[in-house]
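> First the structure, which I've put down as structure tokens, then a few questions once you've had a look.
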Amino acid sequence: MAIRKIVTLGDPILYKKSRIVEKFDDRLFELLDDMKDTLIKSEGVGLAAVQVGVLRRVVVIDCGDGYIELINPEVTERSEELQHETEGCLSLPGKYAVTERPMTVKVRAQDRTGKWCLYKGTGLKARCFCHEIDHLDGILYTSHLADEKYQKNMGAD
Ligand code: ZN
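With numbering that gives the first Met the number 0, the residue at position 69 of the sequence shown is 68, and numbering never jumps.
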């Protein structure tokens, strides 16, 4: 296991689409283990493989209610109810903004054995699911900024 370097804004890889994972092998397990270490070290709530320079559809999340690994994740349902909360990204260090996201989402994803699992997230977890799955399509949270009226004073710019 190892800490991997997180790519930051300016690296064109962040805008690329990640490829489907087909092989559930040692290379995938090593990536997952490294991503877990990197997530813990950086004190984030989520990390997509593209953020460590690997264009594979792999996400790790820990919103404080347990660590999960999502392989080939898809959002299958979004609530009509929205939330406007502060979001940041390990690839945009020191920056935060209020985004507009669904309040609740349902996600299907494979685990490291290839088994499909269903997840539901509300609040922070829904934001996290949306944010990380967007990364797999080269989309950053700055594409989901809420209207000016929702923007909060984040202190020093
Ligand atoms: Zn991010």
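Backbone N, C-alpha and C define an ideal beta-carbon position, used for all residues, glycine too.
I'd like the ranges of any beta strand (DSSP E) spanning at least 3 consecutive residues and lying wholly in the region 74-116.
List check, beta strand (DSSP E) in window: 81-87, 95-101 and 103-109.
> Under 8 Å by Cβ, that's how I've got CYS85 and TYR95 pegged, so tell me the actual separation to the nearest angstrom.
Correcting the residue type first, residue 85 is Thr in the shown sequence and not Cys. About 5 Å separates the two Cβ atoms, so the contact holds.
> Could you pull the start and end residues of the beta strand (DSSP E) that ASP61 belongs to?
Membership of ASP61 in the beta strand (DSSP E) is indicated by the continuous run 57-61.
> Run the proximity test for CYS88: is its beta-carbon closer than 7 Å to any non-hydrogen atom belonging to the ligand ZN?
Under cutoff, so the answer is yes.
> For THR121, which residues does DSSP report across the bridge?
THR103
> Using the Cβ count rule (16 or more neighbours within 10 Å means buried), how would you classify TYR14?
exposed
> Considering only DSSP beta bridges, list what ALA47 is partnered with.
DSSP lists VAL58 as partners of ALA47.
> DSSP on ALA155, reduced to helix/strand/coil?
Annotation note: pLDDT 48 at ALA155 (below 50); position unreliable, no value reported.
> Answer with buried or exposed for LEU89, where buried requires no fewer than 16 other C-beta atoms within 10 angstroms of its C-beta.
buried
> For ILE70, count neighbouring Cβ atoms within 10 angstroms of its own Cβ and tell me buried if that reaches 16, exposed if not.
Counting the other Cβ atoms within 10 Å of the Cβ of ILE70 gives 16 or more, which makes it buried.
> Nearest-angstrom Cα distance between HIS143 and GLU42?
23 Å
> Would you grab the beta carbon distance between ARG107 and LEU123 for me? Rounded to a whole angstrom, and I think it's under 8 Å.
No, ARG107 and LEU123 are not in contact; Cβ-Cβ is about 20 Å, not under 8 Å.
> Whole angstroms are fine: how far does the CA of ILE138 sit from the CA of TRP115?
24 Å
> In the DSSP assignment, the alpha helix (DSSP H) including MET34 goes from what residue to what residue?
25-41
> Just to confirm, does ILE143 get its C-beta within under 7 Å of one of the non-hydrogen atoms of the ligand ZN?
The displayed chain sequence assigns His, not Ile, to residue 143. The answer is no for HIS143.
> Please classify THR37 as buried or exposed, where buried requires at least 16 neighbouring CB atoms within 10 angstroms.
buried
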